[in-house]
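Notes for the one structure printed next.
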RNA sequence: GGGGGUGUAGCGAAGCUGGUUAUCGCGCCGGCCUGUCAAGCCGGAGAUCGCGGGUUCAAUCCCCGUCACUCCCGCCA
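In the working numbering, the protein residues as written are 6 to 597.
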C-alpha cells in the first residue's frame, strides 16, 4: 500500500476545495460513462464521489474500468466543487467530488452475495453467513458505533462516581438455580465441569464483602435457554453493585446513568427520578411486568360488575375464581373495523385465552354480540365504571387471572402499535417495584422471583417462615418503553437469613454448603449491606436504535438454534479432544 | 417440548384448482456511452424450484417426512 488516507470519505466539504487529498475505502456503485467514470467510495465515516476523467486522470481512467462493487481502493486527487446543479444532497459530501490523479487497487472483491449498502430485506440466513459483509452496511455500522459510544458513556459515568471496573471469571461453578448452564469440561479435573456465568452475581456480592464498595462491569453472561427476538444465549450486562446503600441508592445511580446515556446517545432529556409502579399494579393495569408507559389503555377489573351475570362466559370465569377485565379504547371506535376486532381473538390464543368480547359504543347506543345477555343494571354499572361514551370500544377478557392479564397485556401492546399510540421518539422509563420474594412453582413450593440472594423487604422479615409466599422483596426492575432493560435488588447480607432462604427454597444445608459455601462463609466476615442492578446492554441498544431484533445490536449474533452461521459454531470436535477431556458424546442418532 | 410463517438463478420476488421452453426486477458477464449518483441503452450467461420419499401418465404446485431461517407459547433465578 502506497496511498494512505489523509481524510475520511465523510468529511470533505466545499471548504476543502482545491486540496489534494487521499481517500481509502470500498467502491459502492461504479458509473462508467465510457469517458468519465464515477465511483462512490465509502468507509466507516461516509461516502464520497470520486471522478476518473480521461483528460485529468490519464491512465488511471483505464484502471477505473475494472473496478467493481466492494473493491478496495486508495485514491489521491483534487477536491473540486461539483458543477452547478450536480450537487447531491443525499450525501454529506455532496457539494464536492475528488478528481483522481493517483490510484491504487488495494484489493478486489468477489461479487457480494447481497447489496451491502442496502442489506435490509435479505433472509437472515444469507446475512448471518456473510456477517462480515452485513457489518459493512450503514445500518450495522451505525449500531456498532452507537454501542461503542454507549459503553464509553457508561464507563465514564460510573467511574466518575467512583465505581471500580472489575473483571470476574468466565469459568465458574454451576449453580442449582436459574437458567440452564453452559458447561465447560475440565481437562485437569476429570469428570468435573466449569459453568459459564449466567451473571457475575456471586462474584459481585463477594466483592462487596471485600470492601470494593462500588463495582461495575460490562459483563458477558451466558444462559442456555431458548432464544427470542430479544434474547441471545450470550449477552451483555452492565453489572453494578454497591455497599452501604438501599434501594433508593441503587435507583438513584441507575437513573443518573440512564439519563446520561439518553442525553449522550440520543440527545433526549429524561426526567429523574423515574416513575414507579408496583408489580401488582403493573400486572393489573397493564397486564405485564414490563409495561409500556408511553400510552394509556389501562386495564380495568370489572369482575364485581358481573358477579351475578347470566352471561355464560363471564359467569363461568367469575365462578371459577377467575376475573373479568377490559380495556376502554376511548374514541377509537372509528379506527377499528368489525374485522379488526375479530382479528384480536387469535392474539390471545398463545396465552390459552379462549377469545375476547367487545362492545362498540355508538350514538345509537352500544353494539355488541354479548350485550343482550346483560341486565340493564349490569350495563349501566359497566358504562359508569368504564366511563364509556359514544365512540369508545370496550374489549373484554374473562378467564383465570393469569390468562386475562397476559391476554389483555398483549392486546394492549398490539392495539397501541396498530393505532400508533407509542411515540418512538419518546423514552419512557418506569421502575417496577414491590415484587413478591417468591412465587409458587408447579408443586406450590416457593421459588425465587428474582434470585435466591434477594433480601426480603424489611417489614416482611417476620413472616418469612410463617408465610413465605406473602413476603415481598427489595427487588426492582427498570423498564424502558415496554422492554425490561434491567433488574436488581438489595441482597441478603446476613448468613443466617441467607441460610433460611435456601432452606425455604428446598436447598438443604448440605447442598447450600457445597454450592454456596463460600457465600455463606463470606457473609460471616462482616458483609456490608449491599445491593445492585444489572442492565441489559443489548436491550437498551435495541430501544435506542429502534430495532425489533437483538441481532441488530450484536456484531456476531447466534441464530434461533444458537448457532453461528458464519463460523459454524457449535461444531464437532475430534475424538482425541473429547478423550483428553474425559468426555463421551452421545448424539441423538446414537441413542437406542 | 408445542404452534405459526418462510425456503424458486448471487439477491428480492412471481408462478402452482398438477401439463412438458419456470417469469420478472436487481446483480453478474460483454458491448455502447464524458456529469452520473442504487446512471442509461443493447446483448448474454445463470435454477438439480431447500432435501428425501409418496400419489400421478405427469409434481415447483398435492400428501408424508426432514433440514434451515424466523416469530410466538413454554423456558429465560
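Note that CB positions come from ideal geometry on N, CA and C, so glycine has one too.
- Two segments are said to touch when three or more pairs of C-beta atoms, one from each, lie closer than 8 angstroms; by this definition the region 411-427 does not touch the region 252-264.
- Here residue 9 carries a coil assignment [DSSP, helix/strand/coil].
- For the beta strand (DSSP E) assignment, the uninterrupted runs of no fewer than 3 residues enclosed by the region 206-277 are, from N- to C-terminal side, 219-227, 239-248.
- Relative to residue 239, the option among 590, 563, 584 whose CA is nearest is 563.
- Using a Cβ distance threshold of 8 angstroms, residue 462 and residue 479 count as a contacting pair.
- Under the three-state reduction of DSSP, residue 331 is assigned to strand.
- Shortest Cα-Cα distance from residue 581 to any of 192, 394, 477 involves 192.
- DSSP, reduced to helix, strand and coil, places residue 489 within a strand of the structure shown.
- Nearest Cα to residue 206 within the set 569, 365, 535, 570: 535.
- By the Cβ test, the region 477-497 is in contact with the region 541-556, since at least three Cβ pairs between them sit closer than 8 angstroms.
- Counting other Cβ atoms within 10 Å of its Cβ, residue 19 stays below 16 and is therefore classed as exposed.
- In this structure residue 152 touches residue 546 by the C-beta definition: roughly 5 angstroms separates them, less than 8 angstroms.
- Per the C-alpha coordinates, the member of 125, 163, 158, 160 positioned closest to residue 145 is 125.
- In this structure, the beta-carbon distance from residue 390 to residue 305 falls below 8 angstroms.
- The beta-carbon separation of residue 228 and residue 184, rounded to 4 angstroms, stays under the 8 angstroms limit for a contact.
- Taken through DSSP and simplified to helix, strand or coil, residue 506 comes out as helix.
- Here the region 494-503 makes contact with the region 522-536; the two share three or more CB pairs at distances below 8 angstroms.
- Restricting attention to alpha helix (DSSP H) runs no shorter than 4 residues, the region 493-550 encloses them at 500-509, 514-528, 542-550, ordered along the chain.
- Rounded to whole angstroms, the gap between the alpha carbons of residue 359 and residue 375 is 15 angstroms.
- Given a length threshold of 3 residues, each whole run of the beta strand (DSSP E) inside the region 284-308 is given here in chain order: 304-306.
- As DSSP reads the structure, residue 281 sits in a beta bridge with 436.
- The C-alpha of residue 81 lies about 52 angstroms from the C-alpha of residue 187.
- Residue 163 is not a Cβ neighbour of residue 111, given a cutoff of 8 angstroms.
- Ranking 72, 58, 216, 86 by CA distance to the CA of residue 530 puts 216 first.
- Rounded to the nearest whole angstrom, the C-alpha separation of residue 456 and residue 167 is 27 angstroms.
- Closest option to residue 49, judged by alpha-carbon separation, among 59, 13, 133, 84: 13.
- Of the candidates 30, 362, 370, 307, 307 places its Cα closest to the Cα of residue 328.
- Residue 378 sits away from residue 324, with the two beta carbons spaced by 8 angstroms or more.
- Residue 66 and residue 59 do touch by the CB rule: their CB atoms are close to 5 angstroms apart, below 8 angstroms.
- By the Cβ-count criterion, residue 453 is buried, with 16 or more other Cβ atoms from all chains shown falling within 10 Å of its own Cβ.
- Distance between residue 36 and residue 6, taken at the CA atoms: about 25 angstroms.
- Residue nearest to residue 279 within the set 585, 501, 95, 436 is 436 (criterion: CA-CA distance).
- Ranked by Cα distance from residue 558, the first of 113, 134, 155 is 155.
- Between residue 26 and residue 43, the C-beta gap is not smaller than 8 angstroms, which leaves the two residues out of contact.
- Unbroken alpha helix (DSSP H) runs of no fewer than 4 residues, entirely contained in the region 40-121, are found at 59-62, 65-70, following chain order.
- When DSSP reads this structure, residue 198 sits in a beta bridge with 190.
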